[in-house]
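First up is the structure itself, then whatever we jot down about it.
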Ligand code: 0O2
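In UniProt numbering, the protein residues as written are 31 to 251.
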């Protein structure tokens, strides 16, 4: 009967949620290991913070409807690759690419796709480096490969994106043209700030890459 079907979906959805939750924990741990090792090797911390989120059932259903997918957990697993999301905020643009490279080079991380909205920002000014990866999750029943969308960005890009998100939410998607224009200009200002801060940092500390080569120890980055 219907009650039984709904109960079965409830249990399958709980299983899905658990697996994606485990994948987020795996990614968070891998990221923290990368961070601590980097700090140990180079006496420099390239990551400001790491956050994770699981898509809510409401936003999953909304996305499924937008993409005209059936209400089928198997289809969602195959088609919706950002059920689990991780955001990695770095100090500088260079760190964004460094952390991205070190993370995606790992043997236990399989890269599915990469979108570089830093090299090519969206028309509204949105800027970040996105990677969709698959990571293994070990269950008592065997290994499952779970997709996770990782967004790598600088503090300035994150600042802009969170304001953009709040504005979109406030206007329910219908953002007035002058606000859109101002947001685009603010994105440009954030980009300028990123470049100035990075060049200032390099002037004071020198590039970590240079220091590593210069000291002759540690792996070449
Ligand atoms: P939330 O709340 O983070 O889950 P799709 O995922 O199908 O919509 P696509 O092309 O696969 O589209 O994904 P895209 O555009 O590469 O990246 C999607 C995610 O990037 C979004 O997730 C946001 O987190 C972020 N993002 C993309 N564009 C913007 C933007 O213009 N402003 C802000 N603030 N964030 C953006 P969700 O699912 O939309 O939201």
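Note that the Cβ used here is the ideal one computed from N, Cα and C, for glycine as well. Remember, it's a predicted structure, so these values are computed and weren't measured experimentally.
Where residue 168 falls, given that 16 or more other Cβ within 10 Å makes a residue buried: exposed
Closer than 6 Å: residue 160 CB and nearest the ligand PLP heavy atom: Absence of the ligand PLP is noted for the structure shown, with the ligand 0O2 being the only ligands found.
Where the beta strand (DSSP E) through residue 182 begins and ends: 172-184
Inter-residue spacing [alpha-carbon to alpha-carbon] between residue 120 and residue 98: 36 Å
Cβ separation of residue 213 and residue 194, assumed to be a contact under 8 Å, to the nearest whole Å: 6 Å
Beta-carbon proximity of residue 178 to residue 116, cut-off 7 Å: yes
Between the CA atoms of residue 188 and residue 215 - distance to the nearest angstrom: 15 Å
Residue 115 - DSSP class collapsed to helix/strand/coil: strand
Cα-Cα separation, residue 114 to residue 84: 5 Å
CA-to-CA distance, residue 141 to residue 48, given in whole angstroms: 22 Å
Distance cut-off 6 Å: residue 156 Cβ against heavy atoms of the ligand 0O2: yes
Beta-bridge partners of residue 82, as assigned by DSSP: 116
Length of the line joining the Cα atoms of residue 123 and residue 36: 47 Å
Length of the line joining the Cα atoms of residue 221 and residue 80: 21 Å
Residue 50 classed as buried or exposed, judged by whether at least 16 other C-beta atoms fall within 10 angstroms: buried
As assigned by DSSP and simplified to three states, the class of residue 143: strand
Buried or exposed by the 16-neighbour rule on C-beta atoms within 10 Å, applied to residue 76: buried
Extent of the continuous beta strand (DSSP E) run through residue 168: 159-169
Cβ distance (whole Å) where residue 164 is taken to contact residue 176 below 8 Å: 7 Å
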